[in-house]
Each structure stands twice: as C-alpha cells, then as structure tokens.
Amino acid sequence: MPLDGVILDVDGTLVLSNDAHAQAWVEAFAAYGYEVSFDRVRPLIGMGGDQVVPRLVPGLDAEEGVGKEIADRRKELILDKFGSHLTATPGARELVQRMQAADLHLIIASSASEQEMGVLLKAACVEDLLDEFTTSSDAEASKPAPDIVEVALEKADLKADRVIMLGDTPYDVESAAKAGVGVIAFRTGGFSDEDLSGAIAIYDDPADLLQHYEESPLAQAVDR
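The sequence shown finishes on residue 242 if you use the working numbering, and the numbering steps up by one all the way, no holes.
Shown next, in the form of structure tokens:
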C-alpha cells in the first residue's frame, strides 16, 4: 500500500538514550531502597514506567505510592542529569527532512512526558522539524500495548495500512503490530535482529535507512 505518513518513536530511534533511561531507573529505584541492576532494566527499555515498575518490583504501581515516586524520580534524572548528555542517532535529522520532502505526515508516538519530549527532540536536533506527538498523558497503557500508536493514528487522521512506524525495540514492533502498523526497526536501541524479527525491515540507524531510502518501504509515499 502507498504511504501517507510515518509514526516515529524517539528514544533509541532518533536519540541514543536507552542506556541513559536504564541508568536513570537504576538510580531512581536505589533512591527508594531498591537494588535493581542495570542488566535487569536494560532489556525493558522501550516500555513505559507503567510496565517497567511492576516488572522490576512486583506490587509497585507507577501510578501511585512509592512506585509513582520512583517513576517521577526517573523523569527528574532524565531532565536534570542525563538529558544534556544525549546525542542524536546518526542521520536522524536528515532522515526526518527526507521524509518531509516526500510529503509524508510525521507524528511521534511516545510515552515520554511533554517535558521529556522537549529534551529528547532537542537532543535529536529535530525540535524545529517535529511538533506533532503523543505523550504519556494520551494513553492508558504504554508499549507494548497498542494505545500510543492508536492515539497517534487518530491524532494524525492516518489509516494503519497506509503508515509505517520507525522504532528500535521489540516493544515498538509489538505495539505497532497490535495496531495494524508495520515497523522499520533500527539497531540503535541495542536489541538483536532476532529481538526485532517482527519488523518489516531492519537498518543500522537512520543514516543507513537514508542511504537505502529508494529501496526501502518508505519509498512508497503517495504522490501528492
């Protein structure tokens, strides 16, 4: 099917931030007396706090009590400590510009807060290019639930079979699949090709996709 738009993940896709998020979780849990190793957290990055917190400490809820305090602390660490050190994935800005030149409707599907989104878009060097996005307040459940992707489709008035999502984790792939959207995955998230096997295509990073743009599924943009 020809494409009308592209849904974009941010963390790990446009910004090299997955390790920072994992470390922020480690430090946030430690601040409340929970010892959680980086290696336990890292494979869960790509999920929102509503998914991560109870998986790491059963009985905690990211929406209330100590679980919420931990989730809030993680956000503070990203905003105040880690955010200023984040860098864009190779080719992130250039790929966004190429897709815009193809007249593709671009929208971000993320469970980051609106504050975090500003930090992430600046780190990705695309804050002047992208202004349409979902945030954690838009959906009840984060990836791998389909909610965020479905909200992005509704906000952008796009049909699932005329959209591709760009992501970097198996949770992007799973979330999009549940919403009927195919995913082009990047290895920048630190996941193996086996982990990303549900994607319709896998590239090293945005620069790699840009280099092979004309042979990629993105080349099927509607001629408008």
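Heads up, the beta-carbon is just placed ideally off N, CA and C, and yes, glycines get one too.
DSSP three-state assignment for residue i, whether helix, strand or coil
i	result
residue 151	strand
residue 204	strand
residue 181	strand
residue 26	strand
residue 144	coil
residue 220	strand
residue 103	helix
residue 54	coil
residue 33	strand
residue 158	coil
residue 199	coil
residue 113	helix
residue 212	coil
residue 186	coil
residue 230	coil
residue 108	coil
residue 98	helix
residue 131	coil
residue 74	helix
residue 252	Here the chain has residues from 19 to 242 only, and residue 252 is not among them.
residue 171	helix
residue 236	helix
residue 176	coil
residue 242	Legend: pLDDT at residue 242 = 45, less than 50; position of this residue unreliable, no value from coordinates given.
Per DSSP, cross-strand counterpart(s) of residue i
i	result
residue 82	79
residue 65	63
residue 123	23
Best match in the options for proximity to residue i [C-alpha to C-alpha]
i	options	result
residue 160	124, 191, 182 and 110	191
residue 150	128, 236 and 141	128
residue 218	225, 170 and 181	181
residue 198	46, 74 and 170	170
residue 215	116, 201 and 167	201
residue 111	81, 139, 82 and 204	139
residue 213	207, 224 and 188	188
residue 60	209, 237, 196 and 229	209
residue 88	211, 46, 230 and 23	46
residue 91	115, 58, 134 and 153	134
residue 39	86, 101 and 32	101
8 Å Cβ cutoff met for residue i and residue j
i	j	result
residue 56	residue 41	yes
residue 222	residue 30	no
residue 227	residue 113	yes
residue 16	residue 67	This structure cannot speak to residue 16, because the chain is shown only from 19 to 242.
residue 193	residue 235	no
residue 14	residue 224	A question about residue 14 goes unanswered here, because the residues of the chain that appear run from 19 up to 242.
residue 34	residue 104	yes
residue 25	residue 137	no
residue 155	residue 93	no
residue 126	residue 28	yes
residue 174	residue 23	yes
8 Å Cβ cutoff, residue i in contact with chain C
i	result
residue 136	Absent from the structure: chain C. Only one protein chain is present.
Meets three-Cβ-pair contact criterion under 8 Å: the stretch 116-124 and the stretch 93-102: These segments do not touch.
At least 3 beta-carbon pairs within less than 8 Å: the stretch 63-77 vs the stretch 134-150: no
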